[in-house]
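Visitor:
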Amino acid sequence: MEKILVTGGTGYIGSHTVVELISAGYTVEILDNLCNSKESVLDKIFEITGVKPKFHKIDLLDFGALSNIFREGNFDCVLHFAGLKAVAESIAEPIMYYENNIGGTLNLLKCMKENNVNRIVFSSSATVYGDAGNGACHEDLPAGHGITNPYGRTKYMIEEILKDVSVSNPEFSATILRYFNPIGAHSSGLIGEDPNGIPNNLMPVIMRVATGEIDELSVYGNDYPTADGSCIRDYIHVVDLARGHVAALAKMRPGVKIYNLGTGRGTSVLEMVSAFERASGRKLPYKVAPRRAGDLAEVYADPSLAWQELGWKASMSIDDAMRDTLHYLELCV
Ligand code: UD1
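In numbering that gives the first Met the number 0, the protein residues as written are 0 to 332.
1. Which residue marks the beginning of the beta strand (DSSP E) containing D31, and which one marks its end?
2. Got a sec: does the ligand UD1 put a non-hydrogen atom nearer than 7 angstroms to the Cβ of K51?
3. Which residue comes first and which comes last in the alpha helix (DSSP H) that contains Y97?
4. So, for T16: in the same chain, excluding its five sequence neighbours on each side, which residues have a beta-carbon less than 6 angstroms away from its beta-carbon?
5. I want to check one thing, is the minimum distance from the CB of T147 to the heavy atoms of the ligand UD1 below 7 angstroms?
6. Tell me, to the nearest whole angstrom, how far the beta carbon of L189 is from that of V120; I am working on the premise that it is less than 8 angstroms.
7. Would you say the beta carbon of S217 is closer than 7 angstroms to some non-hydrogen atom of the ligand UD1?
8. Alpha helix (DSSP H) containing S39: first to last residue?
9. Restricting to Cα atoms, I'd like to know which of G196, N168, D319 is closest to P335.
10. Thinking just about the alpha-carbon of each residue, which of L201, A246, E212, Y258 is nearest to the one in I231?
11. Cβ of V298 versus every heavy atom of the ligand UD1: is any distance shorter than 7 angstroms?
12. With burial defined as no fewer than 16 other Cβ atoms inside 10 Å of the residue's Cβ, what is the status of A314: buried or exposed?
13. In chain order, what residues of the same chain have a beta carbon less than 7 angstroms from the beta carbon of W311, not counting five sequence neighbours either side?
14. With DSSP as the reference, please indicate the residues paired to H144 in a beta bridge.
15. Is G132 near L295, with beta carbons less than 8 angstroms apart?
16. If distances are taken between C-alpha atoms only, which option among R118, G82, P149 comes closest to G129?
17. Since T210 sits in a beta bridge, which residues does DSSP pair it with?
18. I'd like the ranges of any beta strand (DSSP E) spanning at least 3 consecutive residues and lying wholly in the segment 168 to 211.
19. Any idea what DSSP makes of R152, helix, strand or coil?
20. Bridge partners for I231 per DSSP, in chain order?
21. In this structure, how does DSSP classify R70 when only helix, strand and coil are distinguished?
22. Nearest CA to the CA of L108: which residue from V164, S217, H55?
23. How would you label A184, buried or exposed, when you count the other beta carbons within 10 angstroms and need 16 or more for buried?
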């Protein structure tokens, strides 16, 4: 069976994807510097799948260590999740973001080239649609214009780098997956999202309000041109997202392919508050706050290409994701 190197494989999306890969019969090795995850995730992966993947605690910027892993690994494909992803931090520390995300990817691509590994699946983001992404996003929309932060620009730049590498090597296969808003956790309650520090994304903030660590949710704006005035996003269950990678892997061909991984359904911030209340049976304290800089009113996927070409579509709901997150955080009532 094929052997896959998963960078960032102990992280939130990486760990759920590792579980689905193992269930689909792939052999997996994980590489992670543990900057936003814990090594104990490997034990949880074992509890779920019965397999403990080989683990390398290294940083992608450590080219020597990375080369050694490649020399011994005999990988068929790389799934590249590793990267920094906090928007506000990227504005404060742009050099760190470019160095880690771009530099780390370049090291990875060098090692792939040296060892004749020609397949990569890259974790990109709907953020690359920039200001074109207001409303339904199809992969044909122009990307790269009006991205508001260095984090988003690193995602776009890596997409472009992969296209250039593909031009130089006819055997190179790159699948770029543009994620919308991943939420939820594995139904076992063993793995999920547990960000270090103060969270910025909506779901982790909702959960910290639920635990009392944050007093109330600030709803960033209620005067957008949407039905209830709050912003609309496409929240996708992380297990659906993980399965999208397995579907993409099976269909890789030389060249670059780009797919949205989203549900195609938009949900407002206030609808997310209601979903939390339905799932938990508790009220969620919130206040309306000013708009957050850089937010668009409505962003959701057109996921039809992934369905047509990969035979993949999301099957779980916001309510499933809320239930699974509450289970993971042991917040069941
Ligand atoms: C954000 C980033 C995006 C990144 C993604 C995943 C921006 C502009 N976009 O997407 O580049 O790929 O995270 O990390 O930062 N909200 C609140 N209160 C909160 C938090 C969020 O009302 O405390 C609202 C936001 O205004 C937004 C929605 O919830 O409308 C979702 O926010 P968030 O989870 O940060 O995701 P995005 O902004 O879609």
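For every residue, glycine included, the Cβ atom is placed at its ideal position computed from N, Cα and C.
Quantities reported herein were computed from a predicted structural model and do not represent experimental measurements.
Guide: According to the structure shown:
1. Along the sequence shown, read from residue 1 onward, the residue named residue 31 stands at position 32. In the DSSP assignment, D31 falls within the unbroken beta strand (DSSP E) covering 26 to 31.
2. Reading the sequence shown from its first residue, position 52 is the one you call residue 51. K51: no, Cβ never under 7 angstroms from the ligand UD1.
3. Locating residue 97 in the sequence shown gives position 98, counting from the first residue. Under the DSSP assignment, Y97 falls outside any alpha helix (DSSP H); it carries neither an H nor an E label.
4. As a working note, residue 16 is residue 17 in the sequence shown. Contacts found: A241, H244.
5. By one-based count along the sequence shown, residue 147 stands at place 148. Yes, Cβ of T147 sits closer than 7 angstroms to a heavy atom of the ligand UD1.
6. As a position in the sequence shown, residue 189 is number 190, starting the count at 1. As a position in the sequence shown, residue 120 is number 121, starting the count at 1. That belief does not hold up - the Cβ atoms of L189 and V120 are roughly 24 angstroms apart, past 8 angstroms.
7. The residue given as residue 217 occupies position 218 in the sequence shown. Under cutoff, so the answer is yes.
8. As a first step, residue 39 is located in the sequence shown; it is residue number 40 there, counting from the start. Where S39 is concerned, there is no enclosing alpha helix (DSSP H), given that its DSSP letter is neither H nor E.
9. Only positions 0 to 332 of the chain appear in this structure, which leaves residue 335 out of reach.
10. As a working mapping, residue 231 is identified with position 232 in the sequence shown. Ranking L201, A246, E212, Y258 by Cα distance to I231 puts L201 first.
11. Taking the first residue of the sequence shown as position 1, residue 298 is located at position 299. Checking the Cβ of V298 against the ligand UD1 gives yes.
12. As a first step, residue 314 must be located in the sequence shown, where it is residue number 315. The amino acid at residue 314 is misidentified as Ala; the sequence shows Ser. Looking at its Cβ environment, which holds fewer than 16 other Cβ atoms inside 10 Å, S314 is exposed.
13. If you number the sequence shown from 1, residue 311 lands on position 312. If we look at W311 and ignore the five residues flanking it on each side, its Cβ neighbours are R242, G243, A246, A305.
14. One-based indexing of the sequence shown puts residue 144 at position 145. Per DSSP, none; premise fails for H144.
15. Sequence index remark: in the sequence shown, residue 132 carries index 133 (1-based). Sequence index remark: in the sequence shown, residue 295 carries index 296 (1-based). Contact flag set, yes.
16. As a first step, residue 129 must be located in the sequence shown, where it is residue number 130. Ranking R118, G82, P149 by Cα distance to G129 puts P149 first.
17. Mapped onto the sequence shown, residue 210 falls at position 211. In DSSP, T210 forms no bridge with anything.
18. 172 to 178, 180 to 182
19. In the sequence shown, counting from the first residue as 1, residue 152 sits at position 153. DSSP places R152 in helix when its eight states are reduced to three.
20. Here residue 231 corresponds to residue number 232 of the sequence shown, with the count starting at 1. Paired residues: S267, E297.
21. The residue labelled residue 70 in the question sits at position 71 within the sequence shown. Helix, per DSSP.
22. As a position in the sequence shown, residue 108 is number 109, starting the count at 1. When only C-alpha atoms are compared, the closest one is V164.
23. The residue given as residue 184 occupies position 185 in the sequence shown. Buried, because 16 or more other Cβ atoms sit within 10 Å of the Cβ of A184.
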